[in-house]
Amino acid sequence: MTNTPTPTAESLRDKILHHVTYSMGKDAKHASIYDWRMALSLALRDRVVEPWFAATRKTWDQGRKRVYYLSMEFLSGRMLEDAAINLGLRATCRSAIEGLGLDWYEVIENEPDAALGNGGLGRLAACYMESMASLGCPGYGYGIRYEHGLFKQRFEGGQQVETPEDWLKQRHPWEFERPESAYEIGFKGYVETVDGKPHWVPGETVLAEAYDMPVIGWQGKWANTLRLWSAKPTEMFDLARFNHGDYAAAAEPEALARTLSRVLYPDDTTYAGKELRLKQEYFLTAAALQDILRRHLAADLSLEALPKHVAIQMNDTHPAIAGPELIRLLSDVHGMEFEHAIETAVQCLGYTNHTLLPEALEHWATYLMGTVLPRHMQIIEKIDSWHRRNHPNRPHFVGIVKHQEVRMGELAFITSHKVNGVSALHTELIKKNLFPELNKLHPGRIINQTNGITPRRWLRMANPALSHLIIDTIGEGWEGDLDRLRELEPHIEDSAFLDKFMAAKRTNKEHLAAWIAQSEGITLNPDAIFDIQVKRLHEYKRQLMNILQTISEWHEMRENPQADYQPRVKIFGGKAAPGYYAAKQIIRLIKDVAEVINNDPLIGDRLKIVYPANYNVSMAERLIPAADLSEQISTAGKEASGTGNMKFALNGALTIGTLDGANVEIREQVGAENFFLFGLTADEVMERRRDPEHARHAILESPVLQDVLQMIAEGRFSPDEPERYHDLVHNMWNSDYFLVASDFESYRSSQKEVDVAFGDRASWAKMAALNTARMGFFSSDRAIAGYMRDIWDTTSAL
Ligand code: 26Q
Numbered sequence: 195m196t197n198t199p200t201p202t203a204e205s206l207r208d209k210i211l212h213h214v215t216y217s218m219g220k221d222a223k224h225a226s227i228y229d230w231r232m233a234l235s236l237a238l239r240d241r242v243v244e245p246w247f248a249a250t251r252k253t254w255d256q257g258r259k260r261v262y263y264l265s266m267e268f269l270s271g272r273m274l275e276d277a278a279i280n281l282g283l284r285a286t287c288r289s290a291i292e293g294l295g296l297d298w299y300e301v302i303e304n305e306p307d308a309a310l311g312n313g314g315l316g317r318l319a320a321c322y323m324e325s326m327a328s329l330g331c332p333g334y335g336y337g338i339r340y341e342h343g344l345f346k347q348r349f350e351g352g353q354q355v356e357t358p359e360d361w362l363k364q365r366h367p368w369e370f371e372r373p374e375s376a377y378e379i380g381f382k383g384y385v386e387t388v389d390g391k392p393h394w395v396p397g398e399t400v401l402a403e404a405y406d407m408p409v410i411g412w413q414g415k416w417a418n419t420l421r422l423w424s425a426k427p428t429e430m431f432d433l434a435r436f437n438h439g440d441y442a443a444a445a446e447p448e449a450l451a452r453t454l455s456r457v458l459y460p461d462d463t464t465y466a467g468k469e470l471r472l473k474q475e476y477f478l479t480a481a482a483l484q485d486i487l488r489r490h491l492a493a494d495l496s497l498e499a500l501p502k503h504v505a506i507q508m509n510d511t512h513p514a515i516a517g518p519e520l521i522r523l524l525s526d527v528h529g530m531e532f533e534h535a536i537e538t539a540v541q542c543l544g545y546t547n548h549t550l551l552p553e554a555l556e557h558w559a560t561y562l563m564g565t566v567l568p569r570h571m572q573i574i575e576k577i578d579s580w581h582r583r584n585h586p587n588r589p590h591f592v593g594i595v596k597h598q599e600v601r602m603g604e605l606a607f608i609t610s611h612k613v614n615g616v617s618a619l620h621t622e623l624i625k626k627n628l629f630p631e632l633n634k635l636h637p638g639r640i641i642n643q644t645n646g647i648t649p650r651r652w653l654r655m656a657n658p659a660l661s662h663l664i665i666d667t668i669g670e671g672w673e674g675d676l677d678r679l680r681e682l683e684p685h686i687e688d689s690a691f692l693d694k695f696m697a698a699k700r701t702n703k704e705h706l707a708a709w710i711a712q713s714e715g716i717t718l719n720p721d722a723i724f725d726i727q728v729k730r731l732h733e734y735k736r737q738l739m740n741i742l743q744t745i746s747e748w749h750e751m752r753e754n755p756q757a758d759y760q761p762r763v764k765i766f767g768g769k770a771a772p773g774y775y776a777a778k779q780i781i782r783l784i785k786d787v788a789e790v791i792n793n794d795p796l797i798g799d800r801l802k803i804v805y806p807a808n809y810n811v812s813m814a815e816r817l818i819p820a821a822d823l824s825e826q827i828s829t830a831g832k833e834a835s836g837t838g839n840m841k842f843a844l845n846g847a848l849t850i851g852t853l854d855g856a857n858v859e860i861r862e863q864v865g866a867e868n869f870f871l872f873g874l875t876a877d878e879v880m881e882r883r884r885d886p887e888h889a890r891h892a893i894l895e896s897p898v899l900q901d902v903l904q905m906i907a908e909g910r911f912s913p914d915e916p917e918r919y920h921d922l923v924h925n926m927w928n929s930d931y932f933l934v935a936s937d938f939e940s941y942r943s944s945q946k947e948v949d950v951a952f953g954d955r956a957s958w959a960k961m962a963a964l965n966t967a968r969m970g971f972f973s974s975d976r977a978i979a980g981y982m983r984d985i986w987d988t989t990s991a992l
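Laid out in structure tokens, this is it:
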């Protein structure tokens, strides 16, 4: 697509020097690492621009259908090295940088993470953007350019402390500000009738200004745009109000604009119903839809033809106001007949569900919706009656508005032609438990698209040691065709290959140990099992079960110190939502337990616990390639998919896990004999909960768990405050909603199997290598190909 010749390290070095001088305004002699990192980014960016323009040109020349991915979160992480990899220029960049006397890692690590997301859902959006570009699917991501991404986590006395994140403190070299692409977004006000038609007169407005980032695909053959909206005041202040002496009110438009895109909401589970959040959701959606329609109309296409040219995907219900807003634009603004507007919107829209947890489902009080978006509230009522009219035999309770609340799941469902779950199990549970009636009314609307991850970032970039072994073994090209990893299978009986596989793992473990030694001051034994659980803190993810099992191991070692133990390092990482007390207590407990165990002279290096602060995408890239064991231990039926589980298995970690989310499919792919399964199934979980005494019964059947809980209750890990965990222990005995007690013994014996299996290194190596070889299915390229075929009805432009 591009004719630009591949640069040499020398020519690239000249470009870097050029940017240091003319873009950063620095004499090379006085340039800082920041200056060099910026200069390298700009030099690379220059090489992205041409394929980027070419892709846009081709999309419009060929009248291609466009996909618009609407998401409140894009958890991109660092961009420089990823761009270098996809342009095939990592080695060239590295020698150019080293030729300038600089340290490559220092330059790469100078870049702050773009942390515009909470966790799985946001990272999925970033992987999908990369795969759309790699597959040549013409697409745009739409999100919010939060000034502050997800908070930074520190520990003080073992407790989480949040501080604001400030990724835009430095210049962001990958974005292009587009002051010419700005739209007015209204809120509040009233609805009047003009010429017999409803007309919304907003009471407040802000401007949504676009910032574009190119997203370059594998091998630089295609590039798409991630467009993030930033709120700006429509006017600096209201002069009329100011002249009336109402100074605070005069500054209101500016105040709203300043807060709207200021900060990402850090709650990834519990729904709060905050007005500012609703405004953010509408801000993103309204700006995106105006942009989509403007582009469509500028191409001289009719709104009748919108579904032929435009597919809009809603990443969970967060942008689900897109249904009413699109209907409003088509009918109120462009004069389309109302029911026809609904039908047109439905044909364009798709909805991805990411959760079944009732506490996470969005619902807005009708009074709030009616105040913030008065016209949308009317339209929602009209969609509801349209749906009722079309389904006269439906059960009376099916609908969008109920108990004076707008249920965003139902709204998204009814305004979409396809609703998808993110793993096979999750999709079945959506049909059975979340939307059983709607599923009956709309058979075939709910479909599955099992999540995927981009192998470029999560293998090629994060794990050079293993990548090089794969290239040496099966050649190049697997990054764009991950099923080719199956070609590793014939080498599984070759002990030289297995030795190299384990040597790559060993290298990664040594790198991680060096980083932990330096950042945490803890020395790790690279021969130990590196057992890792990294993910947001939530009770359903059961980090608690992991630490309870760790305590039981420690206790056993102390009781019987002479026995032979497989050394283990337990690594934790993850943030708790700032207001989630139970999650924060679990962090504190892990930290307290680590303090005791790590300093126990009887234990030595047979058991260590580390919990580095501020887990993020960059930390994931360090940890995952070094894992022997991946902890995927959620209560069955609760984790929609998981994607960390895929990253670990792809990098040759074995999974210890429940039959939850995508674990089920991972186990099917890698083989049951290469997976440590334990615990109740989703059906058994439901059954078990019917016993109100399930926790007490399970604890009474496990003397080990009793001892562990007893130690915690006695203050063994919190001697300065022995009652610290009384609530936690009390909850374990009396409620234990996520069935930690019921699964504890099964988990513990599975962990014993891990010890035994790791003792036979040759056999472990085979299992690990088979995990890598059989994970091709979980490439986000496969997932996006599925969305293109089943939801977006589009094909590759390559
Ligand atoms: C909602 C309302 C107000 C404020 C915040 C939110 C909010 C924000 C983020 C609600 C949920 C999220 C994130 C959810 C999430 O990450 N879900 C995960 O999605 C992954 C990708 O599909 C799955 O793999 C995980 O199983 C699922 O937990």
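All residue numbers for the sequence shown refer to the numbering used here, where the first residue is 195 and numbers rise by one.
Think of the CB as a built atom: it goes at the ideal place given N, C-alpha and C, for glycine as much as any other residue.
- Assign Gln-743 to buried or exposed, taking buried as 16 or more other Cβ atoms, counted over all protein chains shown, within 10 Å of its Cβ. Label assigned to Gln-743: buried.
- Query: For the putative contact between Ala-830 and Leu-871, defined by C-beta atoms under 8 Å, what is the C-beta separation to the nearest angstrom?
  - Reply: Contact flag wrong, Cβ pair sits at about 11 Å.
- Message: What I want to know is whether the C-beta of Tyr-545 ends up closer than 7 Å to one or more non-hydrogen atoms of the ligand 26Q.
- Response: In this structure, the C-beta of Tyr-545 stays at least 7 Å away from each heavy atom of the ligand 26Q.
- Element boundaries [alpha helix (DSSP H), containing Val-243]: Per DSSP, Val-243 belongs to the alpha helix (DSSP H) from 227-255.
- Item | Cβ-Cβ distance between Ile-726 and Ile-780 below 8 Å | Cβ distance not < 8 Å, so Ile-726 and Ile-780 don't count as in contact.
- Among Glu-356, Leu-236, Leu-294, nearest to Gly-768 - alpha-carbon criterion: Here the closest residue by C-alpha is Glu-356.
- Query: Is the region 214-229 touching the region 373-390, taking contact as three or more C-beta pairs under 8 Å?
  - Reply: Result no; under three Cβ-Cβ pairs closer than 8 Å.
- Message: For Trp-927, tell me which candidate among Ala-237, Leu-738, Ala-889, Gln-347 has the shortest Cα-Cα distance.
- Response: That would be Ala-889, whose Cα lies nearest to the Cα of Trp-927.
- Check the DSSP bridge columns for Val-409 and list the partner residues they point to. DSSP, once it has assigned bridges, lists Asn-418 as partnering Val-409.
- Message: Counting beta carbon pairs with one atom in the region 689-705 and one in the region 791-803, are three or more of them shorter than 8 Å?
- Response: No, the region 791-803 does not touch the region 689-705.
- Mind pulling the alpha helix (DSSP H) runs of 4 or more residues that sit fully within the region 798-883? As far as the region 798-883 is concerned, its whole alpha helix (DSSP H) runs of at least 4 residues are 811-817, 838-844, 857-864, 876-882.
- Message: Between Ala-698, His-534, Phe-349, Ser-265, which has its C-alpha nearest Leu-660's C-alpha?
- Response: Nearest option by C-alpha distance: Ala-698.
- Message: Please tell me whether, using a cut-off of 7 Å, the distance from the CB of Ala-554 to the nearest non-hydrogen atom of the ligand 26Q is below it.
- Response: The nearest non-hydrogen atom of the ligand 26Q is less than 7 Å from the C-beta of Ala-554.
- Local conformation of Gly-380 per DSSP, three classes: If DSSP states are grouped into helix, strand and coil, Gly-380 belongs with the strands.
- Query: Is it a yes or a no for the region 455-464 touching the region 437-445, going by three-plus beta-carbon pairs under 8 Å?
  - Reply: In this structure the region 455-464 does not touch the region 437-445; the number of beta carbon pairs closer than 8 Å is below three.
- Query: Roughly how many angstroms separate the alpha carbons of Leu-964 and Gly-343, rounded to a whole number?
  - Reply: Leu-964 and Gly-343 have their C-alpha atoms some 37 Å from each other.
- Item | For Arg-910, the residue or residues it bridges with in DSSP | In DSSP, Arg-910 forms no bridge with anything.
- Item | Alpha carbon of Thr-196 to alpha carbon of Ser-205, nearest angstrom | Residue confidence for Thr-196 is low, a pLDDT of 45 falling below 50, so the modelled location carries little weight and cannot support an answer.
- Sufficient close CB pairs (3 or more, under 8 Å) joining the region 317-329 to the region 403-418: The region 317-329 is in contact with the region 403-418.
- Who are Gln-507's beta bridge partners in DSSP? Per DSSP, Tyr-263, Gly-544.
- In angstroms with no decimal places, state the Cα-to-Cα distance between Pro-367 and Pro-201. Approximately 20 Å, taken between the alpha carbons.
- How many angstroms separate the CA atom of Leu-894 from the CA atom of Ser-824? If you take the alpha carbons of Leu-894 and Ser-824, they lie about 29 Å apart.
- Message: Just verifying my parser: in three-state terms, what is the DSSP assignment at Tyr-334?
- Response: In the structure shown, Tyr-334 sits in a strand (DSSP, three-state: E or B).
- Task: Please report how far the alpha carbon of Trp-246 lies from the alpha carbon of Asp-276, in whole angstroms.
- Result: Straight-line Cα distance between these residues: approximately 16 Å.
- List the residues that DSSP assigns as beta-bridge partners of Val-400. Ile-379, Pro-427.
- Query: Quick one: does the C-beta of Ser-835 sit closer than 7 Å to a heavy atom of the ligand 26Q?
  - Reply: Checking the 7 Å criterion, the Cβ of Ser-835 is within range of a heavy atom belonging to the ligand 26Q.
- Message: Can you determine whether any heavy atom of the ligand 26Q sits closer than 7 Å to the C-beta of Thr-549, and answer yes or no?
- Response: Thr-549 Cβ: within cutoff of the ligand 26Q.
- Task: Determine the direct distance from the alpha carbon of Gln-826 to that of Lys-735, and round the result to whole angstroms.
- Result: Roughly 8 Å between the two C-alpha positions.
- Beta-carbon proximity list for Leu-318, same chain, < 7 Å, skipping 5 on both sides: Asn-645, Thr-837, listed in sequence order.
- Flag Tyr-459 as yes when its Cβ comes closer than 7 Å to any non-hydrogen atom of the ligand HEM, and as no otherwise. Absent from the structure shown: the ligand HEM. Ligands present: the ligand 26Q.
- Query: Using a threshold of 7 Å, is the CB atom of Gly-313 nearer than that to any non-hydrogen atom of the ligand 26Q?
  - Reply: At least one heavy atom of the ligand 26Q is nearer than 7 Å to the Cβ of Gly-313, so yes.
- Message: Between the alpha carbons of Thr-464 and Lys-252, how many angstroms are there, rounded?
- Response: Each residue's alpha carbon lies about 43 Å from the other.
- Task: Please go through the region 439-492 and give each complete alpha helix (DSSP H) segment of 4 or more residues, from N-terminal end onward.
- Result: As far as the region 439-492 is concerned, its whole alpha helix (DSSP H) runs of at least 4 residues are 441-444, 446-454, 469-492.
- Does the region 716-733 come within contact of the region 911-918, defined as at least 3 CB pairs closer than 8 Å? No contact exists between the region 716-733 and the region 911-918.
- Task: Hey, could you find the ends of the beta strand (DSSP E) Ile-985 is sitting in?
- Result: Run containing Ile-985: none; DSSP gives neither H nor E here.
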